[in-house]
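Counting from 1 along the sequence shown, just add 8 to a position and that's the residue number in our numbering. C-beta: ideal position from N, C-alpha, C; glycine also. Everything numeric in this text was worked out from a predicted model, so none of it was measured.
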Amino acid sequence: MLFSKQDRIPVQISLIGRPEHQNLYGDGNWGGDTYYADYAGIVAKYACRSIFEMGVYLGYSAFAMMSVRQRRYRGVDAELEAAGSNEMAFRKLIACLGPLNDVVILKANVLTDAMPYEIVADGPYDFINVDACHTREGTIRQLQWAWRVAASGTL
């Protein structure tokens, strides 16, 4: 088995979460005991040191993945959900996790933009989270980006 509920690591999403999102996953804890605990558990179990995420939004999954231990994180988001969300996510991540973490979040649209040079140059990545554009075309495009920067054995 690649991953089980026993591998989950609860995460205090409340440190960065918006109050209106508290019951988003039905646990009253911003998904910190379930959904985001899976992210933390996976990167811990497989000792992922470098993460690339497409679809940062407010940085909840980034926080979960980075909260286990220091990692290199690169994220892209088009900011279609909320203007300025990349900067807000970056500030919250650094405030909660500390300045020693290597965090870069760039504005890019997977449907219309080329993959940012910084993402390619900083790769390859051990863990890639495809969560930006949930259309067929968007998913295909994200997978194309992922193949370009995936390390051998990437999750």
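Residues near N137 by beta carbon distance below 8 Å, same chain, minus five either side: Y47, I59, F60, E61, M62, G63, S69 and M73
For a test of the three-state rule: what should DSSP assign to Y44, helix, strand or coil? helix
Is the number of C-beta pairs between the segment 131 to 147 and the segment 107 to 119 that are closer than 8 Å three or more? yes
Below 8 Å CB to CB, which residues in the same chain sit around N109 once its five sequence neighbours on both sides are set aside? M74, Q78, R79, Y81, L101 and I102
Grab the span of the beta strand (DSSP E) containing N137 for me, first residue to last. F135 to V138
With a floor of 3 residues, list each beta strand (DSSP E) that falls wholly inside the segment 39 to 89, ordered by position along the chain. 58 to 62 and 80 to 85
Rounded to a whole number of angstroms, what is the C-alpha to C-alpha distance between G131 and A159? 8 Å
For S22, which residues of its own chain have a beta-carbon under 8 Å away from its beta-carbon, when the five flanking residues on both sides are left out? Q30, N37, W38 and G40
Starting from the C-beta of G25, find all residues in its chain whose C-beta is less than 7 Å away, skip the five residues before and the five after it, and write them out in chain order. W38 and Y68
Output yes or no for whether 7 Å exceeds the beta carbon distance between F135 and V51. yes
By how many angstroms is the C-alpha of A97 removed from the C-alpha of D15? 26 Å
Short of 6 Å in beta carbon distance, which residues of its chain neighbour L114, apart from the five on each side in sequence? Order them along the chain. V84 and P124
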